[in-house]
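I have placed the structure first, in the form of structure tokens, so that the comments after it can refer back to it.
Protein chains: 2
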Amino acid sequence: MKPIHVGICGVGTVGGGTATVLKRNCEEIARRAGRPIVVRAAASRDLARARAALGEGVELLDDALAIARHPDIDIVVELIGGTTVAKDVVLAAIENGKHVVTANKKLIAEYGNEIFAKAQAKGVMVAFEAAVAGGIPVIKALREGLTANTIEWVAGIINGTSNFILTEMRDKGAAFADVLKEAQRLGYAEADPTFDIEGHDAAHKLTIMSAIAFGIPVQFDKAYLEGISKLDAADIKYAQELGYRIKLLGVTRRRPHGIELRVAPTLIPAKRLIANVDGVMNAVLVKGDAVGATMYYGPGAGAEPTASSVIADLVDITRLHTADPEHRVPHLAFQPSAMADLPILPIDEVETCYYLRLNAQDQPGVLADVTRLLADGGISVDAMLQKEVTDDGRADIIIITHLAVEKNVNAALAKIEALDSINGKVVKLRLEHLNG
Amino acid sequence: MKPIHVGICGVGTVGGGTATVLKRNCEEIARRAGRPIVVRAAASRDLARARAALGEGVELLDDALAIARHPDIDIVVELIGGTTVAKDVVLAAIENGKHVVTANKKLIAEYGNEIFAKAQAKGVMVAFEAAVAGGIPVIKALREGLTANTIEWVAGIINGTSNFILTEMRDKGAAFADVLKEAQRLGYAEADPTFDIEGHDAAHKLTIMSAIAFGIPVQFDKAYLEGISKLDAADIKYAQELGYRIKLLGVTRRRPHGIELRVAPTLIPAKRLIANVDGVMNAVLVKGDAVGATMYYGPGAGAEPTASSVIADLVDITRLHTADPEHRVPHLAFQPSAMADLPILPIDEVETCYYLRLNAQDQPGVLADVTRLLADGGISVDAMLQKEVTDDGRADIIIITHLAVEKNVNAALAKIEALDSINGKVVKLRLEHLNG
Numbered sequence: 001m002k003p004i005h006v007g008i009c010g011v012g013t014v015g016g017g018t019a020t021v022l023k024r025n026c027e028e029i030a031r032r033a034g035r036p037i038v039v040r041a042a043a044s045r046d047l048a049r050a051r052a053a054l055g056e057g058v059e060l061l062d063d064a065l066a067i068a069r070h071p072d073i074d075i076v077v078e079l080i081g082g083t084t085v086a087k088d089v090v091l092a093a094i095e096n097g098k099h100v101v102t103a104n105k106k107l108i109a110e111y112g113n114e115i116f117a118k119a120q121a122k123g124v125m126v127a128f129e130a131a132v133a134g135g136i137p138v139i140k141a142l143r144e145g146l147t148a149n150t151i152e153w154v155a156g157i158i159n160g161t162s163n164f165i166l167t168e169m170r171d172k173g174a175a176f177a178d179v180l181k182e183a184q185r186l187g188y189a190e191a192d193p194t195f196d197i198e199g200h201d202a203a204h205k206l207t208i209m210s211a212i213a214f215g216i217p218v219q220f221d222k223a224y225l226e227g228i229s230k231l232d233a234a235d236i237k238y239a240q241e242l243g244y245r246i247k248l249l250g251v252t253r254r255r256p257h258g259i260e261l262r263v264a265p266t267l268i269p270a271k272r273l274i275a276n277v278d279g280v281m282n283a284v285l286v287k288g289d290a291v292g293a294t295m296y297y298g299p300g301a302g303a304e305p306t307a308s309s310v311i312a313d314l315v316d317i318t319r320l321h322t323a324d325p326e327h328r329v330p331h332l333a334f335q336p337s338a339m340a341d342l343p344i345l346p347i348d349e350v351e352t353c354y355y356l357r358l359n360a361q362d363q364p365g366v367l368a369d370v371t372r373l374l375a376d377g378g379i380s381v382d383a384m385l386q387k388e389v390t391d392d393g394r395a396d397i398i399i400i401t402h403l404a405v406e407k408n409v410n411a412a413l414a415k416i417e418a419l420d421s422i423n424g425k426v427v428k429l430r431l432e433h434l435n436g
Numbered sequence: 001m002k003p004i005h006v007g008i009c010g011v012g013t014v015g016g017g018t019a020t021v022l023k024r025n026c027e028e029i030a031r032r033a034g035r036p037i038v039v040r041a042a043a044s045r046d047l048a049r050a051r052a053a054l055g056e057g058v059e060l061l062d063d064a065l066a067i068a069r070h071p072d073i074d075i076v077v078e079l080i081g082g083t084t085v086a087k088d089v090v091l092a093a094i095e096n097g098k099h100v101v102t103a104n105k106k107l108i109a110e111y112g113n114e115i116f117a118k119a120q121a122k123g124v125m126v127a128f129e130a131a132v133a134g135g136i137p138v139i140k141a142l143r144e145g146l147t148a149n150t151i152e153w154v155a156g157i158i159n160g161t162s163n164f165i166l167t168e169m170r171d172k173g174a175a176f177a178d179v180l181k182e183a184q185r186l187g188y189a190e191a192d193p194t195f196d197i198e199g200h201d202a203a204h205k206l207t208i209m210s211a212i213a214f215g216i217p218v219q220f221d222k223a224y225l226e227g228i229s230k231l232d233a234a235d236i237k238y239a240q241e242l243g244y245r246i247k248l249l250g251v252t253r254r255r256p257h258g259i260e261l262r263v264a265p266t267l268i269p270a271k272r273l274i275a276n277v278d279g280v281m282n283a284v285l286v287k288g289d290a291v292g293a294t295m296y297y298g299p300g301a302g303a304e305p306t307a308s309s310v311i312a313d314l315v316d317i318t319r320l321h322t323a324d325p326e327h328r329v330p331h332l333a334f335q336p337s338a339m340a341d342l343p344i345l346p347i348d349e350v351e352t353c354y355y356l357r358l359n360a361q362d363q364p365g366v367l368a369d370v371t372r373l374l375a376d377g378g379i380s381v382d383a384m385l386q387k388e389v390t391d392d393g394r395a396d397i398i399i400i401t402h403l404a405v406e407k408n409v410n411a412a413l414a415k416i417e418a419l420d421s422i423n424g425k426v427v428k429l430r431l432e433h434l435n436g
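These protein sequence lines map, in sequence, to chains A and B.
No gaps in the numbering here: position 93 of the first sequence is 93 in UniProt numbering, and each next residue is one more.
No gaps in the numbering here: position 316 of the second sequence is 316 in UniProt numbering, and each next residue is one more.
Encoded structure:
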């Protein structure tokens with residue numbers, strides 16, 4: 001049968017990995033897809049490097065838009081990254097009636113609505129499994145595997161760099177800055193790590209999963225982000241004493257009046273399987289009303305893991321591009337005409353449990369004052385841990401709350417911080433029980 | 001849009017759960033599928049019970065074959081179980097041009113080849129996500145999510161009853177028989193538990209995953225089965241001392257000359273995530289050459305988790321039944337014309353690591369004799385643990401081997417058991433490192 005011709009835009013790590021895996025497993029992939037899938041052309045700014053990565057027999061161009069318009073290309077694979085050239089290439093490919101596969105989480109999280117509308121109008125598919133959690137087929141699980149369910153929440157460890165740093169901080173009791181240097185040396189963190197450690201990358205992925213889980217448009221601009229750069233090693237230790245681990249967790253949860261969408265360092269009970277996902281690995285836990293909790297675990301980055309997802313999309317398209325466009329799996333899991341208009345809730349409206357760390361003068365009545373202010377705010381205490389008094393006459397007090405609304409917690413904390421007996425700011429972290 | 005009409009054959013736990021979830025989530029499911037999915041008719045031997053489960057408005061019949069021939073039914077859901085009536089119903093439904101969804105692992109593992117050939121000829125789909133690992137969409141992951149990969153192995157904890165029993169034996173140090181009684185009292189084990197505890201159920205599921213992973217026909221008759229009923233609590237304790245947990249593990253692995261396909265109580269390093277899957281939960285770990293190791297975790301049984309998978313299949317069929325049959329996702333992941341003829345290897349040819357427990361007289365030279373016999377058989381020792389001598393002058397010796405071929409191990413064990421200094425049979429368990 002006639003091969004499917006792929007054009008790769010951007011021959012970096014993932015582009016090279018995709019070509020390598022397509023070549024190495026060409027027979028196995030053709031047995032599954034029903035026809036061979038071959039790289040016909042590629043565009044790169046560095047043609048010598050691209051030639052080395054792709055070998056002979058692949059047409060090389062220096063203009064990605066030429067791939068999008070290439071008459072012999074069936075599917076365009078966009079691996080350029082960013083939202084400028086990449087967006088132009090994706091829209092041009094769709095305009096030219098080509099299916100698109102992309103690993104670009106930023107592009108989908110920020111411009112997905114526009115891209116999918118255009119693809120729907122043109123009757124082509126845009127697939128993006130590689131954009132979320134690298135090699136883990138979690139988009140497929142959410143979009144197709146769990147269609148019976150009303151999804152209640154999705155929680156994910158979806159940034160390997162941050163998870164590596166947090167794992168090392170816990171295991172070695174080390175400070176954030178030291179571990180970051182180590183991660184950079186090992187190649188697990190970029191020279192400028194902001195995008196990973198401040199939660200942008202995780203929020204892009206979470207935004208996409210939120211849309212697919214709840215049938216809402218992608219809305220990255222409404223996501224709440226908090227990174228791990230200010231996380232204190234002391235809190236990791238205290239959390240552990242109380243039976244929790246701290247992870248950079250993306251949480252999106254259905255509430256009666258809207259959807260929570262937030263990324264922040266979060267406590268999870270140590271006994272949960274997802275709390276034991278360490279190092280650069282990723283995992284996504286999904287709670288559906290029928291199935292309960294299911295979890296998807298694997299490598300969240302890397303050349304061949306990401307290529308695995310890119311190629312799964314290529315095989316999906318190869319298998320199903322003859323299907324009537326109205327009957328294909330919808331881009332965002334729900335039919336475009338059936339999108340819900342549930343708003344993303346502001347962080348003030350979020351309801352969760354909290355970990356609070358106060359530094360207090362060792363004097364009578366402090367605890368009474370603090371617990372009264374919490375009670376006045378409707379916040380009830382689940383556990384409390386008072387640490388030994390230090391030489392300066394101060395002591396750390398750690399409080400774990402039951403469910404509370406964020407704005408109430410913030411209001412109570414403002415009053416607590418105003419007490420003479422409390423030193424400095426209260427550390428506030430969110431805590432998720434993630435009960436199945 | 002016109003609803004898809006479903007006919008349910010067998011209104012037991014899963015049938016009732018399927019109807020309940022289809023009704024409760026009808027709006028969410030229609031938003032995803034593009035049209036409503038409704039139960040139009042059902043067949044049951046107990047019409048009063050079926051009426052109670054399904055409510056009014058569903059046509060009830062006492063003959064499942066009448067559902068397979070019903071002119072208004074688009075998809076037949078077979079939940080009868082077994083391989084007699086169930087097989088007739090599935091074949092009759094296909095004959096009548098209807099798509100089929102089944103949760104029947106025994107039927108697919110034993111008669112899948114015949115059923116899929118007939119479905120292919122008739123241009124209909126037969127879907128069976130619910131047959132493996134209950135609510136976990138692992139068939140979809142293997143068949144569609146990991147298509148880029150040459151699958152190296154699949155290892156699964158895929159029988160909740162056995163996993164519950166093993167978890168309790170470990171946590172409470174209890175004997176198999178006592179925990180089985182407890183499991184029966186809690187409803188986690190059947191009155192006749194043979195099918196679960198002797199590995200048949202796990203082997204059915206593993207047979208199906210093996211076919212999909214490697215592109216071979218289903219061959220349940222070639223699977224090797226060993227149950228947990230003879231497992232000694234002492235071995236669970238010794239394994240733990242050595243850093244391992246014992247699980248009833250299904251393993252299917254590609255070797256140069258064939259495929260390993262085996263279910264047996266197996267040691268796994270305690271630090272692996274899958275070793276921490278406890279109670280009735282299921283998990284499947286898949287090693288692909290591109291992605292590395294990914295894991296899928298969730299409830300392996302129960303009314304609504306299983307219904308979740310049945311309905312996911314209904315939505316898949318609803319979305320894609322307009323696709324040209326040649327281009328749909330193949331039943332066993334690979335195109336029927338591209339099946340491999342790799343044989344299933346006999347257990348003698350399996351290569352893995354081993355845990356051996358010997359009961360020896362406390363006399364000089366025993367260890368030397370044992371290790372010499374192992375070395376003569378080409379079996380090298382990874383770790384050894386000698387327990388204290390008991391009052392009768394005997395001691396347990398535990399040996400963990402590196403990779404060895406089963407027939408070589410058996411030959412060496414026969415010689416070891418023939419030594420005067422060794423009491424009784426040597427306990428032999430397999431051990432899998434499951435390295436990503």
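Don't be surprised by glycine CBs; every beta carbon is placed ideally from N, CA and C.
- Taking the CA atoms as reference points, A:P325 sits about 58 Å from A:L373.
- Residue state for A:Q361 is assigned as strand, using DSSP reduced to three classes.
- G215: these are the residues of the segment 204–224 of chain B whose beta carbon lies less than 8 Å from some beta carbon of chain A, given in chain order.
- In this chain, the beta strand (DSSP E) harbouring A:G298 covers G292 to P299.
- With respect to the 8 Å criterion, B:L358 and B:D235 are not classified as neighbours on the basis of their beta carbons.
- With contacts defined as CB atoms closer than 8 Å, B:A340 and B:I216 qualify as a contacting pair.
- Counting other Cβ atoms within 10 Å of its Cβ, B:L345 reaches 16 or more and is therefore classed as buried.
- Taking the beta carbon of A:H5 as reference, no residue of chain B falls within 7 Å; the closest one sits roughly 17 Å away.
- C-alpha of B:L249 to C-alpha of B:K407: approximately 20 Å in a straight line.
- Look at A:V85 here: in three-state DSSP terms it is helix.
- Taking a 10 Å sphere around the C-beta of B:H257, we find fewer than 16 other C-beta atoms and assign the residue as exposed.
- For the segment 147–167 of chain A, residues whose beta-carbon sits nearer than 7 Å to a beta-carbon of chain B comprise T147, A148, N149 and T150.
- Counting only residues of its own chain and dropping the five nearest sequence neighbours on each side, B:R170 has a CB closer than 6 Å to the CB of I236.
- Three or more beta-carbon pairs drawn from the segment 347–367 of chain B and the segment 395–404 of chain B are found closer than 8 Å, and the two stretches are therefore classed as touching.
- A residue is called buried when at least 16 other Cβ atoms come within 10 angstroms of its Cβ; B:G160 meets this threshold and is buried.
- Residues of chain A whose Cβ lies closer than 7 Å to the Cβ of B:F334 are, in chain order, R31 and R32.
- Within the same chain, and ignoring the five residues on either side of B:G378 in sequence, the residues whose Cβ sits closer than 6 Å to its Cβ are N408.
- For A:M281, the pairing in a beta bridge is given by DSSP as A:P299.
- With respect to chain B, the C-beta atom of A:D316 has a partner C-beta closer than 8 Å.
- Leaving aside the five residues that flank B:R35 on each side, the residues in its chain whose CB is nearer than 7 Å to its CB run, in chain order, M1, K2, P3, I4 and T318.
- A check of alpha carbon separations from B:V154 across B:G292, B:D396 and B:G173 identifies B:G292 as the nearest.
- Assignment of alpha helix (DSSP H) within the segment 49–112 of chain B, counting only whole runs of 4 or more residues, yields 64–68 and 85–95 in chain order.
- By the neighbour-count criterion, in which a residue is buried when 16 or more other Cβ atoms sit within 10 angstroms of its Cβ, A:H331 is buried.
- Spatial neighbours of A:Y224 in its own chain (CB-CB distance under 6 Å, excluding positions within 5 residues in sequence) are listed in chain order as R262 and I347.
- The residue from B:N282, B:V315 and B:G243 with its alpha-carbon nearest to that of B:I398 is B:G243.
- Counting C-beta pairs closer than 8 Å gives three or more between the segment 295–310 of chain B and the segment 111–130 of chain B, which meets the contact rule.
- Note that the C-beta distance between A:I422 and A:A360 is below 8 Å.
- Within the same chain, Cβ atoms closer than 7 Å to the Cβ of B:R69 are found at A92 and N96, the five residues on either side in sequence being excluded.
- Against chain A, a Cβ distance below 9 Å from B:H327 picks out G34, T318, R319, L320, H321, T322 and A323.
- Between B:A290 and A:V21, the C-beta gap is smaller than 8 Å, which places the two residues in contact.
- Shown here, A:K287 sits in a strand according to DSSP, grouped into three states.
- Leaving aside the five residues that flank A:E388 on each side, the residues in its chain whose CB is nearer than 8 Å to its CB run, in chain order, A395.
- Chain B places no beta carbon closer than 8 Å to that of A:K2, leaving this residue out of the contacts.
- Shortest Cα-Cα distance from A:G300 to any of A:M281, A:T194 and A:R45 involves A:M281.
- Shown in chain order are the members of the segment 297–315 of chain A whose Cβ falls below 7 Å from a Cβ of chain B: Y297, G298, P299, E304, P305, A307, S308, I311, A312 and V315.
- Cβ-Cβ separation between B:H204 and B:K105: approximately 4 Å, consistent with a contact (criterion under 8 Å).
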